């Protein structure tokens, strides 16, 4: 990490500060793990810290230490709105983790943009907007949690990484590397994981808490999606799911229940591009995954107001679910998927 940047941040954190940590809408394990690892670290340093998320997050992440202290922003609830505005307005420092474009915080954007505190960005996604005063931005990192680990060690505080902090970092890296099977699983990742395990974490337990904690409804939803909703376009090496709000309701879907579904489509032999289209109350949400050189980041940015990484990205559509599916299919007709 940049030595001058770390020197400046060390100086900023040399006295107790009021700090807000925030992340993207619908936080995943990397977003929440990074945020709560940073939260516990800064608390240890003597700061007044609060984590604010733009929305709820998967229930299977609630084991993370600090989860009970998270303020979930909800503009429709007066108390949540007022507490969020107050926290951001009073914050001297705002850590922005696992996102680098303001659109990713959705309704929280206006409050975040107006907040007077010094913004520090830590992220690994492509094409940032450069809205923060300080940036620890590295697209070669497997996860933002990896960068949080780098930050803490660069601050000279590796000894402050206790088991709760290590567990949060481990969960973030584990999920963003697909349990260490994606191409972003570097030698450095394995060295960090080894250091975390040496701290005393139970890696088997963390994996089970995240991946082996399904409800009956979620498993039935996955089974239904695979048998009834999977569409394969062999000539385009593409497979996708299109899930309606009615179907989500039928299976009592909760936040996080659709996570990983798109990966089933990508696991099919001969498929290089997979997509998941989900009808949400505010818009159609899209998740994209790919193999090889086909950039879903470029695809999402060009057609669906999104972005992310070369092989994993997301987007949004304000059309109906049927119109979005038709648009997606029409785009594929003119897209070369190697």
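In our numbering, the protein residues as written are 1 to 338.
Glycine included, C-beta positions come from ideal geometry on N, C-alpha and C.
Small disclaimer: the values here were computed from a predicted structure and weren't measured.
How many whole angstroms separate the CB atoms of residue i and residue j, which I take to be in contact at a CB cut-off of 8 Å?
i           : j           : result
residue 314 : residue 286 : 6 Å
residue 144 : residue 162 : Incorrect: roughly 20 Å between the Cβ atoms, too far for contact.
residue 26  : residue 177 : Actually they do not touch by this definition, with Cβ atoms about 20 Å apart.
residue 37  : residue 168 : 4 Å
residue 251 : residue 217 : 5 Å
residue 142 : residue 185 : 6 Å
residue 175 : residue 29  : 4 Å
residue 170 : residue 152 : Their Cβ separation, rounded to whole angstroms, is 14 Å, which puts residue 170 and residue 152 out of contact at 8 Å.
residue 328 : residue 275 : 7 Å
residue 1   : residue 154 : 5 Å
residue 261 : residue 225 : 6 Å
residue 44  : residue 160 : 5 Å
residue 232 : residue 268 : 7 Å
residue 42  : residue 61  : Residue 42 to residue 61, Cβ: 20 Å. No contact.
residue 305 : residue 316 : 5 Å
In its own chain, which residues sit with a C-beta less than 8 Å from the C-beta of residue i, not counting the 5 before and 5 after it?
i           : result
residue 69  : 39, 50, 51
residue 244 : 279, 321
residue 59  : 254, 255, 256
residue 113 : 102, 131
residue 139 : 124, 125, 126, 309
residue 81  : 73, 74, 75
residue 134 : 5, 8, 9, 118, 119, 120, 121
residue 234 : 270
residue 284 : 277, 278, 316, 317, 318, 319, 320, 321, 324
Starting from residue i and walking both ways along the beta strand (DSSP E), at which residues does that stretch end?
i           : result
residue 172 : Residue 172 -> not in any beta strand (DSSP E); alpha helix (DSSP H) instead, spanning 163-176.
residue 319 : Per DSSP, residue 319 belongs to no beta strand (DSSP E) and is neither H nor E.
residue 3   : First-last for residue 3: 3-12, but that is the alpha helix (DSSP H), not the beta strand (DSSP E).
residue 232 : 230-233
residue 239 : 238-243
residue 288 : 284-290
residue 201 : That residue, residue 201, is in no beta strand (DSSP E); it is neither H nor E in DSSP.
residue 20  : 18-22
residue 264 : Residue 264 -> not in any beta strand (DSSP E); alpha helix (DSSP H) instead, spanning 261-266.
residue 135 : 134-137
How would you write the range of the alpha helix (DSSP H) that residue i sits in, first residue to last?
i           : result
residue 273 : Unbroken run through residue 273 is the beta strand (DSSP E), 273-279; no alpha helix (DSSP H).
residue 347 : Here the chain covers residues 1 to 338 and nothing more, so residue 347 does not appear.
residue 221 : 216-224
residue 298 : 296-303
In chain order, what residues of the same chain have a beta carbon less than 6 Å from the beta carbon of residue i, not counting five sequence neighbours either side?
i           : result
residue 312 : 289
residue 295 : 310
residue 34  : 97, 98, 144, 145, 148, 172
residue 211 : none
Report all residues from its chain with a CB closer than 7 Å to the CB of residue i; omit the five preceding and five following residues, and keep chain order.
i           : result
residue 221 : 251, 253, 257
residue 166 : 196, 199, 201
residue 341 : Residue numbering for the chain in the displayed model covers 1 to 338; residue 341 lies beyond these limits and cannot be assessed.
residue 146 : 173, 189, 192
residue 149 : 169, 192
residue 115 : 88, 89, 91, 94
residue 292 : 272, 338
residue 137 : 100, 121, 123, 128
residue 111 : 84, 85, 88
residue 302 : none
residue 229 : 241, 242, 243
Just checking: is the beta-carbon of residue i within a distance shorter than 8 Å of some beta-carbon in chain B?
i           : result
residue 240 : Protein chain content of the structure displayed is limited to a single chain, and chain B is not contained in it.
With contact counted as at least three CB pairs below 8 Å, one residue from each stretch, are the stretch 99-107 and the stretch 2-20 in contact?
Between the stretch 99-107 and the stretch 2-20 there are fewer than three C-beta pairs closer than 8 Å, too few to call the two in contact.
Every unbroken beta strand (DSSP E) within the stretch 45-123, with a cutoff of 3 residues, ordered by chain
You should have 48-53, 93-97, 118-123.
Counting Cβ pairs closer than 8 Å, one from the stretch 35-53 and one from the stretch 14-24, do we hit at least three?
By the Cβ rule, the stretch 35-53 counts as touching the stretch 14-24, because three or more pairs are nearer than 8 Å.
Is the stretch 122-139 touching the stretch 86-106 in the sense that three or more CB pairs, one from each, lie closer than 8 Å?
With the cut-off at 8 Å, the stretch 86-106 and the stretch 122-139 touch.
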